[in-house]
Structures are given as structure tokens and as C-alpha cells.
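A.B. asks:
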Amino acid sequence: MRSLCVIVALALQSTAASAADKGALIRTHGYVSPHFQAVSRPDARPADQNRIGMTKSKAGLIFDGKVVPTWQFRIHFVVGNDTFQALTQSSPVDEDNDGTTDSIHTSSKAATGNMIVESTITYRPVDAFNIKLGRMRIPFSTQAQSANTDLMFPERSGPNETFLSGSDMGALARTQFLDDRILASAGIFNGTSTGLFNTQRRSVLYTSRVDINPLGSFGFSETSEWQGPFRIGIGGGLIHNPYTAFDNNGYPTVGVTDTRWSASSRIAYYGLYVVGEYLTRQQLDSMSSRPEWATGWYGQAGWHLPMGLEPMFRMGEASVDESFDPRKTKWLDAGMNFYPAPKAKRADQVKLTVHYLKEERVDENETAQGVSVRAQVTW
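So the sequence shown is numbered by the working numbering: it starts at 14 and just counts up by one.
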């Protein structure tokens with residue numbers, strides 16, 4: 014993996030140098046974020062009761078380029094963000110030496126997945142409008158529009174990740190009016206970030222989002238937008254994903270319509286940043302008349318103090334399939350951010366985080382508690 018990252022970096026540096034010779038403007042920036050976490054889940058399986066290690070650590074490298082004023086691109090690589098067990102070896106086992114295979118012995122190793130967070134081309138004919146094509150996060154919620162390095166907590170909230178997680182392939186049109194007081198977007202995507210996609214489904218996901226900031230421009234950084242006078246922002250997002258499921262022979266089995274909504278509200282005032290979101294989902298299929306419902310919400314707040322400390326708090330819950338088989342999960346997070354380089358270009362270029370986390374799976378009667386420590390440096 015280390016050699017692969019070196020090769021990618023050298024190739025992109027070569028590309029950047031070549032593009033620079035042709036007059037393109039390319040900016041390289043990134044981040045390193047080691048993250049230690051210790052979590053205890055006493056009611057889980059023995060193998061899952063205690064998780065200790067640097068499992069959430071990641072590093073990112075971002076290339077922003079502009080070939081001509083109207084055409085731009087971005088490539089965002091990340092290493093360590095998502096791992097899975099990849100099969101590395103498989104061999105037959107004859108347990109009773111009768112010449113017949115009785116079982117299969119396999120071995121696996123952790124591998125990194127989803128190395129590309131964003132890979133997009135942007136066409137911007139005017140400042141107020143652009144079209145983005147490629148792999149990106151769907152701007153369904155407020156936190157989905159926050160960069161990895163601009164989050165108050167080490168990870169996005171549990172309810173947000175329940176309804177939409179990761180990046181998706183598609184096209185997104187965005188516009189803004191009245192100096193960023195009104196932001197709107199609409200797009201089409203594959204639907205892989207909804208948690209429902211597999212090779213036996215064919216779908217097109219449609220999305221739209223509106224954010225209104227009546228008192229002036231209000232970005233989506235959770236670690237720097239607290240600066241300045243009082244601001245407020247409200248917004249709402251929509252996802253509509255009709256798809257058809259197929260059997261193993263390639264024939265359609267059922268048609269499904271998956272629709273999701275979000276509503277958010279934010280305020281910032283000289284060091285204080287507060288955000289709350291409500292999310293819901295309704296799924297209908299052609300086989301039954303029973304709709305499947307899911308709801309979720311979270312609220313979080315951080316207060317950036319003059320000495321570079323930021324106490325923070327977050328809570329939320331999500332209920333999946335409320336109409337038939339309810340599964341409710343509650344989250345509670347609390348901690349402190351420390352910004353030791355207040356004279357940097359941005360105070361959050363160096364950030365240390367210590368926080369307590371709790372996850373309660375109500376219907377399974379299972380609770381997890383833990384602590385995490387993270388350091389983050391961006392450049």
C-alpha cells in the first residue's frame with residue numbers, strides 16, 4: 014500500500030509539472046490524521062467486545078487544478094479511511110484422508126477500500142453556476158457538505174451515516190444567489206452511497222438541495238464558520254431513488270421506490286456553532302402495500318474559546334424500519350478540541366481532539382462506550 018501511494022503521488026506530481034508547463038494552475042494540499050480509539054461492547058460477541066487501536070487513522074492528498082478559467086478538476090485520495098478483509102489464499106482440506114474435500118481453508122488480510130473520496134471535473138461558465146461531474150459526496154445533508162477536515166468530531170454523526178455514507182458517481186448542478194444567501198443544487202447519481210446498492214439492482218438516484226442563509230454567506234465548515242457575527246442557515250434535501258431488483262438469472266423481481274428527506278438548521282455567533290438535522294426515509298415496493306419507514310435526528314454544538322479550546326457535545330438517534338421491525342440506535346458524544354496554532358492561516362490547521370463516545374442499540378439491548386484521541390494537521 015505504501016509503494017502504491019508513492020507511485021500515485023509521483024505520477025500526479027509529473028502530471029502537475031506537465032500541466033504547469035502548459036499554463037495550468039494546480040494546488041496541492043492534504044492532511045494527516047492519526048486516530049486512536051478504544052471501545053468496549055460487553056454484550057457483543059467475544060471477538061467484538063473490545064476494540065483498541067488506530068483503526069480510524071487516515072491521510073489525504075488533494076489536487077485542485079484549473080486548466081482554463083471555466084474548467085477545473087479535483088482529485089482527493091485518502092488512505093486508511095475504509096478497510097475490508099480481502100481473500101488472499103484458499104485451499105481445500107481433506108479432513109479424513111478419503112480423497113474428498115471436506116472444507117475450504119481461507120486466509121485474508123485487511124485492505125484499503127474507497128481510496129478516492131472525490132474525482133471531479135467542474136464547468137463554471139459564470140461565478141453563480143457550475144456543473145460538477147464524477148465521484149463526489151451527495152449534498153443531501155449539512156454534514157455531507159462538510160469536508161473530512163472540517164468536522165467538529167472525528168467522524169460524521171451516526172444518523173447522517175445511516176441515511177447516506179461515502180461518495181457516489183454522478184453529475185451535480187449548483188447555483189447561488191444574493192452573495193451565497195441562497196444555495197441550490199440538483200443532480201443524478203448511481204445510488205451506491207445509500208447503502209442499498211448491489212449488482213442485482215439497476216437505478217438512477219435523483220437529488221436536490223436548498224440552503225438559505227438570510228444574514229450572509231455561511232459555509233459548511235464546522236471548525237471555522239464560528240468566526241464573525243451572528244449568522245443563521247436553514248436547508249432541506251431530497252433523494253428519490255426508484256430501482257428494479259433482479260434475480261440471479263437477470264430477470265426483474267420487484268420494483269422499489271426509495272425516497273429520503275432532510276431538514277437542517279444552523280447558527281454561529283463569535284465562537285459558538287450549533288447545528289441540528291432531521292432525516293427520514295420511505296420505501297415502497299411493487300410486491301407489498303406495506304411502506305418501510307426510517308427516521309433520524311442529531312444535534313451538536315461547539316464553543317470555540319479564546320485560549321484555543323472548544324468543548325463540544327452531540328447526541329442523536331435513528332430508527333430503521335419503524336413500520337415492521339424497528340431497530341433504534343442512540344448516540345452520545347462529548348469532548349474537547351484543542352487548537353495549538355492559533356496564528357496559523359486557519360486556527361484548525363492543527364487540531365487535537367479527545368472525546369467520549371457512546372452507542373446504544375436499544376432493540377438489541379447492546380451498548381458500546383469508548384474514548385478516542387485524534388491529532389490532525391492540514392496544509
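From the three backbone atoms N, C-alpha and C, an ideal C-beta is built for every residue, glycine too.
Would you call Asp361 buried or exposed, if buried means 16 or more other Cβ atoms sit within 10 Å of its Cβ?
C.D. replies: Stepping through the sequence shown from its first residue, residue 361 is reached at position 348. Buried, because 16 or more other Cβ atoms sit within 10 Å of the Cβ of Asp361.
A.B. asks: Can you find the residues in the same chain that come closer than 6 Å, C-beta to C-beta, to Ala29, ignoring five residues on each side of it along the sequence?
C.D. replies: If you number the sequence shown from 1, residue 29 lands on position 16. With a pLDDT of only 47 at Ala29, under 50, the local geometry of the prediction cannot be trusted, and no value is derived from it.
A.B. asks: Mind checking Glu235: buried by the 16 CB within 10 Å criterion, or exposed?
C.D. replies: Counted from its first residue, the sequence shown places residue 235 at position 222. The residue in question, Glu235, is buried, as its Cβ has 16 or more Cβ neighbours within 10 Å.
A.B. asks: Count the other C-beta atoms from every protein chain shown that fall within 10 angstroms of the C-beta of Met149, then say buried if there are 16 or more, exposed otherwise.
C.D. replies: By one-based count along the sequence shown, residue 149 stands at place 136. Counting Cβ neighbours within 10 Å, Met149 comes out buried, since at least 16 surround it.
A.B. asks: My output table needs one value for Phe233: the three-state DSSP class, helix, strand or coil.
C.D. replies: The residue you call residue 233 lines up with position 220 of the sequence shown. Correct three-state label for Phe233: coil.
A.B. asks: Evaluate contact between the stretch 323-342 and the stretch 245-264, counting only Cβ atoms and requiring at least three cross-stretch pairs below 8 Å.
C.D. replies: Taking 8 Å as the limit for Cβ pairs, the verdict is that the stretch 245-264 does not touch the stretch 323-342.
A.B. asks: Using only the alpha-carbon positions, how far apart do Asn211 and Asp77 sit?
C.D. replies: In the sequence shown, counting from the first residue as 1, residue 211 sits at position 198. In the sequence shown, counting from the first residue as 1, residue 77 sits at position 64. Note that Asn211 scores 48 on pLDDT, short of 50, meaning its location in the model is unreliable; the coordinates nonetheless yield the value given after this. Straight-line Cα distance between these residues: approximately 32 Å.
A.B. asks: In this structure, how does DSSP classify Gln158 when only helix, strand and coil are distinguished?
C.D. replies: For the purposes of this step, residue 158 is taken as residue 145 along the sequence shown, with counting starting at 1. Three-state DSSP puts Gln158 in a helix.
A.B. asks: Given 8 Å as the limit, is there contact between the stretch 220-236 and the stretch 148-168, that is, 3 or more CB pairs closer than that?
C.D. replies: The stretch 220-236, when compared against the stretch 148-168, does touch it at the 8 Å Cβ threshold.
A.B. asks: Taking the alpha-carbon of Val287 as reference, which of Pro47, Arg294 and His317 has the nearest alpha-carbon?
C.D. replies: The residue you call residue 287 lines up with position 274 of the sequence shown. Nearest option by C-alpha distance: His317.
A.B. asks: What would DSSP say about Trp392, mapped onto helix, strand or coil?
C.D. replies: Position 379 of the sequence shown, counting from 1, holds the residue named residue 392. Three-state DSSP puts Trp392 in coil, outside helix and strand.
A.B. asks: How about Leu297 and Thr270: do their beta carbons lie closer than 8 Å?
C.D. replies: Your numbering for residue 297 matches position 284 in the sequence shown. Your numbering for residue 270 matches position 257 in the sequence shown. For Leu297 and Thr270, yes; Cβs fall inside 8 Å.
A.B. asks: Buried or exposed for Lys358, going by 16 or more other Cβ atoms inside 10 Å?
C.D. replies: Mapped onto the sequence shown, residue 358 falls at position 345. Its Cβ having fewer than 16 others within 10 Å, Lys358 is exposed.
A.B. asks: Take Ser216 and list the residues in its own chain whose beta-carbon comes closer than 8 Å to its own, dropping the five residues that flank it on each side.
C.D. replies: To locate residue 216, count along the sequence shown from 1; it is residue 203. Closer than 8 Å at the Cβ level, and outside the excluded window around Ser216, lie Asn203, Gly204, Phe210, Asn254, Pro255, Tyr256 and Thr257.
A.B. asks: DSSP three-state label for Leu258, please.
C.D. replies: For the purposes of this step, residue 258 is identified with residue 245 of the sequence shown, where counting begins at 1. For the sequence presented, residue 258 should be read as Ala rather than Leu. Correct three-state label for Ala258: strand.
A.B. asks: Where DSSP assigns a beta bridge to Gly284, which residues make up the other side?
C.D. replies: Position 271 of the sequence shown, counted from the start, is the residue given in the question as residue 284. Gly284 pairs with nothing; no bridge assigned.
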